[in-house]
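Asker: Numbering (UniProt numbering), first residue to last: 1 to 237. Glycine included, every Cβ here is placed at the ideal spot set by N, Cα and C. Here the structure is a predicted model, which means the values were calculated and not measured. Quick one: structure below, then a few questions.
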Amino acid sequence: MSSRFEASSCELESQLDGHTDAVFIADFPGLHLENFVSEDLGNTSLRVLRGEVLVELVEQNVNRSLREGDGMQLPAGQYHKVHTVSPEPSCYMYLYINTTAVTLERNLTRLRELRDRLRNGTETEPLPPELRPLLGEPVPNGVTADPLVATFLRWEQRLEQQNRRREAGLAPRLLRFLRRKFYLFRRSALMTLISLRNLALGRPPPEQLAREVTFANWRGEEEEGRPEDGAGGDPEL
């Protein structure tokens, strides 16, 4: 059973794309989980990997039993409950697509294609004034800047910085890795000392605590100037 469950999990994870996420849940007999599917998450489904569950769609007053290997779509913008009804613990997974991220990437790709056509002279339509920053030009007076264009320019800058770091030699990459580790350990040590001080002597005034936390979070001038592209993963080496 365990090997079949692990194989099924690995197979499902290998099928996920960049905008499809999986959340695995384990629950015990007699217990239930209540969850809400956000409107931003399209095509949300639940699939049972082990055991048996009863899915209760609260607003629709509908119940459905699912066994191992079964699945169902879940309505967005509604609550549902998942009851474990098998004598053994259940394990199931949510699969959902972040439609907001999909839309944003589609729009950024559209702007990149437009910028490329403008650069190589194949664009035949006149460029709206709010899109002038694509060519490095300022927005004319009285025209509201397009926030999507600003997001696109930050995205392009972040990609360029990532490419430069990947193409850098071993020494700069190793130095960057050590710097990030140093500031990570520094923050952990300072936050631990602040917590111990608060437990022993009590919390200081909010202004002092804010200054201490800011100092603990400081990562150096070079680190502060970088976009937070590495916040969600391990440093590259």
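1. What is the DSSP secondary structure of V37, counted as helix, strand or coil?
2. I believe R55 touches R47 by the beta-carbon criterion, under 8 Å. Please report the beta-carbon distance rounded to the nearest angstrom.
3. Closest by CA to S195, which one among F182, L184, L209, Y183?
4. According to DSSP, simplified to helix, strand and coil, what is R219?
5. What are the boundary residues of the alpha helix (DSSP H) that V102 is part of?
6. Quick check: what's the CA-CA separation for R115 versus R165?
7. I'd like to check one pair, S38 with Q73: are the Cβ atoms closer than 8 Å?
8. Straight-line CA distance for P206 to K81?
9. Return the CA-CA distance between L174 and E113, expressed in angstroms with no decimal places.
10. Label F152 either buried or exposed according to how many other C-beta atoms from any shown protein chain fall within 10 Å of its C-beta, with 16 as the threshold for buried.
11. From the DSSP output, in three-state form, read off residue 238 for me.
12. How should S188 be labelled, buried or exposed, when 16 other C-beta atoms within 10 angstroms of its C-beta is the threshold for buried?
13. Please confirm if the segment 96 to 103 is in contact with the segment 19 to 33, defined as three or more CB-CB distances below 8 Å between the two stretches.
Answerer: This is what the structure holds:
1. Secondary structure of V37 (DSSP, three-state): coil.
2. Going by the sequence as given, residue 55 is Val instead of Arg. In fact, because the Cβ distance is near 11 Å, the residues do not count as touching under 8 Å.
3. With distances taken between CA atoms, S195 lies nearest to L209 out of F182, L184, L209, Y183.
4. Taken through DSSP and simplified to helix, strand or coil, R219 comes out as coil.
5. Unbroken alpha helix (DSSP H) run through V102: 99 to 120.
6. So the two alpha carbons sit approximately 24 Å from each other.
7. For Q73 and S38, no; Cβs fall outside 8 Å.
8. Distance between the alpha carbons of P206 and K81: 41 Å.
9. If you take the alpha carbons of L174 and E113, they lie about 35 Å apart.
10. Under this definition F152 is a buried residue.
11. Beyond the ends of the chain as shown, which are 1 and 237, falls residue 238; an answer cannot be given.
12. So S188 counts as exposed.
13. Flag = yes, the segment 96 to 103 and the segment 19 to 33 touch.
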